[in-house]
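In the working numbering, the protein residues as written are 1 to 271.
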């Protein structure tokens, strides 16, 4: 369908309740991730494959719909820390970090959000205690990731893809307001959007900053809800018009195939 442009976004998850709902052990999620991804790579690389692990085991299996990319579609992994970076360095092709549209300075060493979190107060890297903008922190993370990449003898650098979610605006006085999803109905409750309102000029700067620190692929995810006097479709169309008029003309676009991607010569546990 994509003529060789498919990228696999993968992650281990961080919500305990999600693991409980699927009756999966939360503390084993990263081991399961490694095994399932290696299982998929084995099936992609071999017409007939066998695999024997803790969570998946089979002999002489094949898949009917085979990917175009060789040796397999690139795996872009979303996760931050020594173990995710090890995973990327060992056998993945890229990194899928989260970067906020509002490039303001903050630390990552305190509580996360208003509710108790499994990760609250757990800085992952020493620079998490520093006041850094999102792209400054990303730059430090990418330097650390490169050390894992080099440790496994990989060539080049990991492909870096991000998605920025925001409510795009061309008004400096436009502040976060309550929004509503879908069709208007009597008695509905509005809510506070998690998509920050971002001025077009600030979005341009964030995109430029990301490109400067080594991001290869940037996706923009505009808010899809009723906002102010705009219905759901109208809000999306308005933001697309703002992108076309105020954002895209101010950034350098590089059309062409995605990549390049680096593949390891061998992967432990993969035929």
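C-beta: ideal position from N, C-alpha, C; glycine also.
In this text, all values refer to a predicted model and were calculated from it rather than measured experimentally.
(request) Assign residue 60 to one of three DSSP states: helix, strand, or coil. (result) For the purposes of this step, residue 60 is taken as the residue at position 60 of the chain shown. Correct three-state label for residue 60: strand.
(message) Can you tell me which residues form a DSSP beta bridge with residue 161?
(response) By one-based count along the chain shown, residue 161 stands at place 161. Residue 161 pairs with 217.
(message) Let's test the definition: count the other Cβ atoms within 10 Å of the Cβ of residue 72 and tell me whether it reaches 16, buried, or not, exposed.
(response) Position 72 of the chain shown, counting from 1, holds the residue named residue 72. With at least 16 other beta carbons inside 10 angstroms of its own, residue 72 counts as buried.
(request) If I'm right that residue 74 touches residue 93 with Cβ under 8 Å, what's the distance once you round it to whole angstroms? (result) In the chain shown, counting from the first residue as 1, residue 74 sits at position 74. In the chain shown, counting from the first residue as 1, residue 93 sits at position 93. The Cβ separation is near 4 Å, so the contact holds.
(message) Could you check whether residue 103 and residue 155 sit closer than 7 Å to each other, using their CB atoms as the reference points?
(response) Start at 1 with the first residue of the chain shown, and residue 155 comes out as number 155. Start at 1 with the first residue of the chain shown, and residue 103 comes out as number 103. Residue 103 sits away from residue 155, with the two beta carbons spaced by 7 Å or more.
(request) Quick one: grab the DSSP three-state call for residue 3. (result) Here residue 3 refers to the residue found at position 3 when the chain shown is read from its first residue. Residue 3: coil per DSSP, three-state reduction.
(request) Let me know if residue 233 comes out buried or exposed under the rule of 16 or more other beta-carbons within 10 Å of its beta-carbon. (result) Residue mapping note: residue 233 aligns to position 233 of the chain shown, counting from 1. Burial call: exposed.
(message) So the candidates are 267, 85, 215, 260; which of them puts its Cα closest to the Cα of residue 5?
(response) Residue numbering aside, residue 5 sits at position 5 when the chain shown is read from its first letter. The shortest Cα separation from residue 5 among 267, 85, 215, 260 belongs to 260.
(request) Use the C-beta contact count for residue 40: other C-beta atoms within 10 angstroms, 16 or more gives buried, fewer gives exposed. (result) As a first step, residue 40 is located in the chain shown; it is residue number 40 there, counting from the start. Residue 40 comes out buried.
(request) To the nearest angstrom, report how far apart residue 220 and residue 202 are at their CA atoms. (result) Looking up residue 220 in the chain shown gives position 220. Looking up residue 202 in the chain shown gives position 202. Spanning the alpha carbons of residue 220 and residue 202 requires a straight line of approximately 13 Å.
(message) Applying the 10 Å Cβ sphere with the 16-neighbour rule, what's the burial state of residue 8?
(response) As a working note, residue 8 is residue 8 in the chain shown. Flag for residue 8 reads buried.
(message) I need the straight-line Cα distance from residue 137 to residue 76, nearest angstrom please.
(response) Within the chain shown, the letter at position 137 stands for residue 137. Within the chain shown, the letter at position 76 stands for residue 76. Residue 137 and residue 76: Cα-Cα distance of roughly 19 Å.
(request) Please name the residue in 20, 222, 162 whose C-alpha comes closest to that of residue 211. (result) On the chain shown, position 211 is the one that residue 211 refers to. Of all alpha-carbon atoms in 20, 222, 162, the one lying nearest the alpha-carbon of residue 211 is that of 162.
(request) Just the C-alpha distance for residue 51 and residue 132, rounded to the nearest angstrom, thanks. (result) As a first step, residue 51 is located in the chain shown; it is residue number 51 there, counting from the start. As a first step, residue 132 is located in the chain shown; it is residue number 132 there, counting from the start. Approximately 44 Å between the Cα atoms of the pair.
(request) Under 6 Å Cβ to Cβ from residue 55, same chain only, skipping five residues before and after it: list those, please. (result) Within the chain shown, the letter at position 55 stands for residue 55. 32, 35.
(message) Checking 7 Å against the spacing of the C-beta atoms, do residue 12 and residue 23 come in under that value?
(response) Your numbering for residue 12 matches position 12 in the chain shown. Your numbering for residue 23 matches position 23 in the chain shown. Taking the C-beta atoms as reference points, residue 23 is found no nearer than 7 Å to residue 12.
(message) Using CA atoms only, rank isn't needed, just tell me which of 208, 26, 65 is closest to residue 14.
(response) Position 14 of the chain shown, counted from the first residue, corresponds to residue 14. Taking the Cα of residue 14 as reference, the smallest distance to any Cα among 208, 26, 65 is reached at 26.
(message) Please tell me whether, using a cut-off of 6 Å, the distance from the CB of residue 169 to the nearest non-hydrogen atom of the ligand ZN is below it.
(response) Among the components modelled here there is no ligand, and therefore nothing to report on the ligand ZN.
(request) Name the one or two DSSP bridge partners that residue 43 has. (result) For the purposes of this step, residue 43 is identified with residue 43 of the chain shown, where counting begins at 1. Residue 43 is bridged by DSSP to nothing; it lacks a bridge partner.
(message) So, at 7 Å on beta carbons, what are the nonlocal neighbours of residue 83 in its own chain, with the 5 sequence-adjacent residues on each side left out?
(response) Numbered from 1 along the chain shown, position 83 holds the residue referred to as residue 83. Scanning its chain for C-beta atoms nearer than 7 Å, with the 5 sequence neighbours on each side dropped, one finds around residue 83 the residues 30, in chain order.
(request) Please state whether DSSP places residue 138 in a helix, a strand or coil. (result) Taking the first residue of the chain shown as 1, we reach residue 138 at position 138. Residue 138 falls in the helix class under three-state DSSP.
(request) Give me whichever residues DSSP pairs with residue 49 in a beta bridge. (result) On the chain shown, position 49 is the one that residue 49 refers to. Under the DSSP definition of a beta bridge, residue 49 partners with 61.
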